[in-house]
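This report refers to the structure that appears directly beneath it.
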């Protein structure tokens with residue numbers, strides 16, 4: 003009888019700062035507790051949030067991820083794989099089920115095996131998504147849906163501007179906004195104009211030629227996926243009840259949120275999607291599956307890396323020029 007493998011490869015981060023803190027380690031493979039599921043992982047993501055974890059900035063984030071070093075040293079949240087074993091109290095999933103989801107603040111997805119509770123973010127993977135595509139859903143699509151629909155309350159016919167339209171959030175946001183019947187303007191570099199138009203954007207502004215904040219148009223929603231603008235710069239191109247939305251929190255956005263909450267009809271808004279309850283994130287996944295099916299939503303994957311090249315993947319994301327998503331492939 004073949005001996006069962008008790009170890010796994012995993013990306014390991016032992017401190018904050020540069021990618022020099024990244025290594026590949028052979029770690030003990032997790033064993034399912036009564037309410038846990040063990041997933042043999044086929045694909046995981048490397049995102050801008052992961053690079054934040056590696057840098058340890060902004061510093062207040064360390065209150066969540068660890069003061070001196072990451073308390074969860076294996077990075078990554080999005081995953082897709084197959085269930086290898088289940089605890090005795092698991093009732094909704096079985097060995098052999100193809101699943102996907104995200105680990106949120108537990109990270110740990112950049113590993114060959116993941117332990118996740120049945121009550122957390124895990125769903126049966128639809129057949130029309132590959133593992134590489136499914137692993138990315140928890141980053142761009144989930145965050146973009148939360149901001150556009152649940153925070154921005156997007157409506158048909160509204161004019162929506164997506165800054166960073168060629169990134170992981172942006173490529174998803176353009177398509178999600180179109181699925182709700184909005185008129186979409188994407189902001190990206192000149193070289194990515196064909197991509198953003200192909201995703202359905204009605205208009206595209208190349209930021210290397212023209213500043214979108216000086217547009218002659220006005221918008222109901224501005225979703226700044228990269229946090230490189232601000233409410234004050236965008237205020238003049240927001241409609242009377244317009245909203246500036248950004249998933250990138252900084253002191254300037256906190257200030258704008260405070261004052262726009264007190265006065266005026268135009269608002270600046272932020273929310274940490276990962277702080278939502280797992281059942282609510284699962285619901286977002288379910289709504290996104292419908293959008294994928296009905297509107298043939300596309301997943302843009304820039305590059306894939308084997309786990310052994312995880313350091314290179316992080317270095318590439320750090321450069322800030324990725325198009326769509328970066329995926330680490332495992333167990334292949």
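Residue numbers (this note's numbering): 3 to 334.
For each residue, glycine too, the CB sits at the ideal point set by N, CA and C.
When the Cα of residue 322 is compared with those of 170, 11, 65, which residue comes out closest? Ranking 170, 11, 65 by Cα distance to residue 322 puts 170 first.
At least 3 beta-carbon pairs within less than 8 Å: the segment 125-143 vs the segment 95-103: yes
Residue 335 to residue 333 span [Cα, whole Å]: Outside the shown range of the chain (3 to 334) lies residue 335, about which nothing can therefore be said.
Starting from the N-terminal side, write out each stretch of the alpha helix (DSSP H) that is 4 residues or longer and does not extend beyond the segment 205-245. 233-236
Can you name, in chain order, every residue of its own chain whose Cβ lies under 7 Å from the Cβ of residue 108, other than the five neighbours on each side? Around residue 108: 74.
Beta-carbon proximity of residue 336 to residue 312, cut-off 8 Å: Only positions 3 to 334 of the chain appear in the structure, and residue 336 is not among them; the question remains open.
Hey, out of 173, 184, 70, 125, whose CA is closest to residue 154's CA? 184
Minimum C-alpha distance to residue 201 - residue among 80, 325, 157, 32: 325
Buried or exposed by the 16-neighbour rule on C-beta atoms within 10 Å, applied to residue 125: buried
What do you get for residue 245, buried or exposed, if any count of 16 or more other CB atoms within 10 angstroms of its CB means buried? buried
Just to confirm before moving on: does the CB-CB distance between residue 117 and residue 38 stay below 8 Å? yes
Mind pulling the alpha helix (DSSP H) runs of 4 or more residues that sit fully within the segment 246-321? Correct list: 253-264, 280-297, 312-320.
Mind the definition here: the segment 12-30 touches the segment 89-98 only if three or more C-beta pairs lie below 8 Å; say whether that holds. Three or more beta-carbon pairs separated by less than 8 Å are not found between the segment 12-30 and the segment 89-98, which leaves the two stretches without contact.
Beta-bridge pairing of residue 29 - partner residues as DSSP gives them: DSSP output for residue 29 lists 10 as bridge partner(s).
One or two residues paired with residue 38 in a DSSP bridge: Paired residue(s): 119.
Thinking residue 113 and residue 12 are a contact (beta carbons under 8 Å), I'd like their distance in whole angstroms, please. 4 Å
Can you grab the Cα-Cα spacing for the pair residue 284 / residue 123, in whole Å? Roughly 6 Å between the two C-alpha positions.
Do residue 222 and residue 162 have their C-beta atoms closer together than 8 Å? yes
Proximal residues to residue 204 (C-beta, below 6 Å), its chain only, five neighbours per side dropped: Excluding sequence neighbours, residue 204 sits near 185, 186.
Where residue 3 sits in the DSSP three-state scheme: For residue 3, the predicted model reports a pLDDT of 45, less than 50, meaning its position is unreliable and no value from the coordinates is stated.
Considering only residues of the segment 52-128, which uninterrupted beta strand (DSSP E) runs meet the minimum length of 3 residues and lie entirely inside it, listed in chain order? 80-88, 100-104, 115-119, 123-126
For residue 152, name the three-state secondary structure that DSSP assigns. helix
Of the residues 188, 219, 315, which one's Cα is nearest the Cα of residue 228? 188
Measure how close the beta-carbons of residue 79 and residue 111 come, nearest whole angstrom, since I'm counting them as under 8 Å. 5 Å
Can you list, in chain order, the residues of its chain with a C-beta nearer than 7 Å to that of residue 318? Leave out the 5 residues immediately preceding and following it. In chain order, 305, 324, 328 place their CB closer than 7 Å to the CB of residue 318, counting only its own chain and leaving out the 5 sequence neighbours on each side.
Could you check where the beta strand (DSSP E) with residue 138 kicks off and where it finishes? In the DSSP assignment, residue 138 falls outside any beta strand (DSSP E), carrying neither H nor E.
Have a look at residue 175 and residue 231 and give me their C-alpha separation to the nearest angstrom. 17 Å
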